[in-house]
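A.B. asks:
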Amino acid sequence: MDILLIILGILCLLAGLAGCFLPVLPGPPVSYVGLLLLHFTDKIHFSTTHLILWALLVIIVQVMDYVTPMLGTKYSGGGKWGNRGCMIGTIAGLFVFPPWGVLIGPFAGAVIGELLGGKKSAEAFKAGLGAFIGFLFSVVVKVSVCGYFIYCFVAALF
Numbered sequence: 267m268d269i270l271l272i273i274l275g276i277l278c279l280l281a282g283l284a285g286c287f288l289p290v291l292p293g294p295p296v297s298y299v300g301l302l303l304l305h306f307t308d309k310i311h312f313s314t315t316h317l318i319l320w321a322l323l324v325i326i327v328q329v330m331d332y333v334t335p336m337l338g339t340k341y342s343g344g345g346k347w348g349n350r351g352c353m354i355g356t357i358a359g360l361f362v363f364p365p366w367g368v369l370i371g372p373f374a375g376a377v378i379g380e381l382l383g384g385k386k387s388a389e390a391f392k393a394g395l396g397a398f399i400g401f402l403f404s405v406v407v408k409v410s411v412c413g414y415f416i417y418c419f420v421a422a423l424f
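Numbering-wise (our numbering), the sequence shown opens with residue 267 and increments by one.
1. Can you tell me where the alpha helix (DSSP H) holding M336 begins and where it ends?
2. Going by CA-CA distance only, name the one from C286, F415, G383 that's closest to P365.
3. Can you tell which of I378, R350, T334 has the C-alpha that lies nearest to the C-alpha of V407?
4. Hey, does A358 have any beta-carbon neighbour from chain B nearer than 7 Å?
5. Report the three-state DSSP secondary structure of P364 (helix, strand or coil).
6. Buried or exposed for L301, going by 16 or more other Cβ atoms inside 10 Å?
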């Protein structure tokens, strides 16, 4: 039974890492499930503190995944129209143009929102670029968390 849980844990970690780039899979939560599967084996038991801290980390990263494009828009000069457009573009991108909509949605939403708010095209493009950079930052954070989970899994096994 332990071997099955370890294999399933490895698959979850790999799927979680892929989920950092694919919008269909939530990367860090799936990687966390991989750690939980290892925890339920007879070989390794993580402390309750570790499990709770990792769960909180996953929650923070998942929330941050949706917030950072909007922060990128804000800090690149976008206003409330750009933030609202970025939020709408992110959600619409998930459903309208998967998987590329996740990349294009925040950028296009921020640009369209700023244009509707009366900004010039150069300012709108700058806000869209900020949204895109915010999205890329969230991908880097998700990959880092999933990489850390993979490290913890391998270190616990050996």
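Heads up, the beta-carbon is just placed ideally off N, CA and C, and yes, glycines get one too.
C.D. replies: Let's see:
1. 314 to 341
2. C286
3. T334
4. Within the model displayed, chain B is absent; a lone protein chain is all it includes.
5. coil
6. buried
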